[in-house]
Amino acid sequence: MFVLSVLDDGGERNFVTTSVRVEDGRIFAVVGDATRRFQIEDVIDLVLVARTDCPQRRDGARTGGSC
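Numbering (the numbering used here), first residue to last: 73 to 139.
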């Protein structure tokens, strides 16, 4: 899971996204049930906040040694 910060009409917007793809100068991010598209020059930051490839318990704790 990532937090994506972008410039939008002069202001900063932040999105939680589970998938990010960069293609042809644009960044595509899955936000909820939709894919949002942004120009790469509008991206302020992209931060990994949680690994989605590791099993996770209902209480949010990670399982397994390498996660």
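Note that CB positions come from ideal geometry on N, CA and C, so glycine has one too. No experiment lies behind these values; they were computed from the predicted model shown.
May I ask which residues mark the beginning and end of the beta strand (DSSP E) holding residue i?
i	result
Arg108	106-111
Ala101	98-103
Asp159	What is shown of the chain runs 73 to 139, which leaves residue 159 out entirely.
Arg93	91-95
Name the one or two DSSP bridge partners that residue i has.
i	result
Asp80	Gly83
Could you check which residue in the options has the C-alpha nearest to that of residue i?
i	options	result
Ile99	Gly83, Glu84, Gly82, Asp117	Asp117
Val75	Glu113, Asp81, Val102, Gly97	Val102
Gly83	Val121, Asp114, Arg123, Val119	Asp114
Arg93	Asp80, Thr107, Ala122	Thr107
Given a threshold of 16 other Cβ atoms within 10 Å of its Cβ, counted over all protein chains shown, does residue i qualify as buried or as exposed?
i	result
Val78	buried
Thr89	buried
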